[in-house]
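In what follows, a structure is listed as structure tokens, so that the remarks can point back to it.
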Amino acid sequence: MPIKLPSFRPRKDAHPPDLWTKCPTCSEMLFNKQLDKADRVCPNCGHHFRLSAGARLDLLLDHGTFAELDAGLQSLDPLGFVDQKPYPDRVAAAQLATGLRDAAVRGTGLIEGHRVSICAMDFAFMGGSMGAVVGEKVTRAAEQALEERIPLIVVSASGGARMQEGTLALMQLAKTCAALDRLRVAGVPYISIMSDPTTGGVFASYAVLGDVNLAEPNALIGFAGARVTAGTIAQELPPGFQRAEFLFEHGFVDRVVTRRDLRHEVALLLRYLVPLEGAGGGNGNGAMSESRPSFDPIGFLSSLAEKVVPDLGPGDGLDAPESPRTSRPARTARTAGDAPAARRTGRRTADG
Ligand SMILES: [Zn+2]
């Protein structure tokens, strides 16, 4: 009598692509739901995957305290830019894919009870590129921090300026830097968090101007790509070039903080970095403001011109009271006074 075997269903070889993610560092297959639960950090090797702006805000802020502002800001197409497809089509596709209006989300919230003005970028939206909207949101976040005298936190994740907005995107570098300088003069702290990747125009402006610059492990941080840099200087690059740990060792990043520790680390810094008392844009702070003149674009340009053209002295037309370079020591003096203990403890959070 023949034995009747139970029938097996054909085995599914192909898994739905949105179910699993392969870790690029250890090659482990990770179940997406578990990865999300672990804040998108590989439980096997600690690889930090990119985080959406929404998940980033959830991670950093006290539950339910985020109040979004300027949610309606949206890019226009002033240049009528068309590459493989028109720029408005690209924006619409990115909006559909991410559910965001643009590559940054800003608002206010609490971090372990400290009220902050916060702006988080999302790499999934057109590579986190900085156009007029991103620049405007960072600037408004800084202006709100100044107005309310609360710390500013910006989480960067960007490939650089948005080429489809051309000069208007490049203008955001100057605009955001000017806003941050007003913050600096007024003695309101700014913490910059660099996640993977922070490159191009964002690196060249607000991402590295924090009173404290934090970075996530192994985040790519730099201006030009490694191949361009190697080609320009005609030299082989050292291992780990443009990674967070490399920049930490060379003093460009103040701390490398794992995602698990990030919220507590920022809260700890907020306890050290308290905004200076008194309102106003820098003139009401006595000795502090005397040594720190506000940013003067004409002075900056003329000091630059002095370096390029040695003959052009300060008396040759442009009035250069003080270059921003001279204001640097005062700035480090402030942060050095506030957070020496924070620097000494090294790259990991010291609890307690
Ligand atoms: Zn891994």
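Mapping of the sequence shown onto the working numbering: residues 6 to 357, in sequence order.
In this text, a Cβ means the ideal position worked out from N, Cα and C, and glycines have one as well.
*CA-to-CA distance, Pro222 to Gly205, given in whole angstroms*: Residue mapping note: residue 205 aligns to position 200 of the sequence shown, counting from 1. Residue mapping note: residue 222 aligns to position 217 of the sequence shown, counting from 1. Their backbone Cα atoms lie some 19 Å apart in a straight line.
*asked:* Tell me the DSSP secondary structure of Ala359 in three-state form.
replied: Residue 359 cannot be examined here, being either before or after the span of the chain that is shown, 6 to 357.
_Let me confirm a value: Lys42 is counted as buried when at least 16 other C-beta atoms fall within 10 Å, else exposed. Which label applies?_
Along the sequence shown, one-based indexing puts residue 42 at 37. Flag for Lys42 reads exposed.
*For ligand 1, which residues have a Cβ under 6 Å from at least one heavy atom, in chain order?*
Qualifying residues, in the order they occur: Cys28, Thr30, Cys31, Glu33, Cys47, Asn49, Cys50 and His52.
*Residue burial classification, Cys50 (beta-carbon count within 10 angstroms, cutoff 16)*: As a first step, residue 50 is located in the sequence shown; it is residue number 45 there, counting from the start. Result: exposed.
*Could you check the C-alpha separation between Glu250 and Ala174 for me, to the nearest Å?*
Here residue 250 corresponds to residue number 245 of the sequence shown, with the count starting at 1. Here residue 174 corresponds to residue number 169 of the sequence shown, with the count starting at 1. Straight-line Cα distance between these residues: approximately 29 Å.
*Status (buried if at least 16 other CB within 10 Å, exposed otherwise) for Asp186*: Position 181 of the sequence shown, counted from the first residue, corresponds to residue 186. Asp186 is buried by the Cβ-count criterion.
*Please confirm whether Ala162 and Ser200 have their CB atoms less than 8 Å apart.*
Mapped onto the sequence shown, residue 162 falls at position 157. Mapped onto the sequence shown, residue 200 falls at position 195. Taking 8 Å as the Cβ cut-off, Ala162 and Ser200 qualify as a contacting pair.
*According to DSSP, which residues form a beta bridge with Ser57?*
Your numbering for residue 57 matches position 52 in the sequence shown. According to DSSP, which records beta bridges pairwise, Ser57 is partnered with nothing at all.
*Excluding five sequence neighbours on each side, which residues of the same chain lie with their C-beta closer than 7 Å to the C-beta of Glu241?*
Taking the first residue of the sequence shown as 1, we reach residue 241 at position 236. The answer, listed in chain order, is Ala235.
*Grouping DSSP H, G and I as helix and E and B as strand, with all else coil, what is Leu40?*
As a first step, residue 40 is located in the sequence shown; it is residue number 35 there, counting from the start. Residue state, collapsed to three classes: helix.
*Going by beta carbon distance, what residues of the same chain come within less than 8 Å of Cys182, once the five residues before and after it are set aside?*
Counting from one through the sequence shown, the residue named residue 182 turns up at place 177. So the qualifying residues of the chain are Ser210, Tyr211, Leu214 and Phe300.
_CB contact flag (Arg111, Leu74, <8 Å)_ = To locate residue 111, count along the sequence shown from 1; it is residue 106. To locate residue 74, count along the sequence shown from 1; it is residue 69. Yes.
*asked:* Could you check whether Gly140 and Gln177 sit closer than 8 Å to each other, using their CB atoms as the reference points?
replied: If you number the sequence shown from 1, residue 177 lands on position 172. If you number the sequence shown from 1, residue 140 lands on position 135. Result yes, Cβ atoms of Gln177 and Gly140 sit closer than 8 Å.
*Secondary structure at Ile158, three-state DSSP: helix, strand or coil?*
On the sequence shown, residue 158 is found 153 positions in, with the first residue counted as 1. Note: Ile158 maps to strand in three-state DSSP.
*Uninterrupted beta strand (DSSP E) stretches inside the segment 95-166 (no shorter than 3 residues)*: Qualifying beta strand (DSSP E) stretches, in chain order: 109-116, 119-126 and 157-163.
*Would you please state the rounded distance, in angstroms, between the beta carbons of Met131 and Ala109? I believe it to be under 8 Å.*
Translated into positions along the sequence shown, residue 131 becomes position 126. Translated into positions along the sequence shown, residue 109 becomes position 104. No, Met131 and Ala109 are not in contact; Cβ-Cβ is about 11 Å, not under 8 Å.
*Any idea what DSSP makes of Pro243, helix, strand or coil?*
Position 238 of the sequence shown, counting from 1, holds the residue named residue 243. It is coil, neither helix nor strand.
*Report buried or exposed for Phe84, applying the criterion of at least 16 other Cβ atoms within 10 angstroms of its Cβ.*
Your numbering for residue 84 matches position 79 in the sequence shown. Correcting the residue type first, residue 84 is Leu in the shown sequence and not Phe. With fewer than 16 other Cβ atoms within 10 Å, it is exposed.
*Which whole-angstrom value is the C-beta distance of Leu62 and Arg45, which I expect to be below 8 Å?*
Numbered from 1 along the sequence shown, position 57 holds the residue referred to as residue 62. Numbered from 1 along the sequence shown, position 40 holds the residue referred to as residue 45. Contact flag wrong, Cβ pair sits at about 14 Å.
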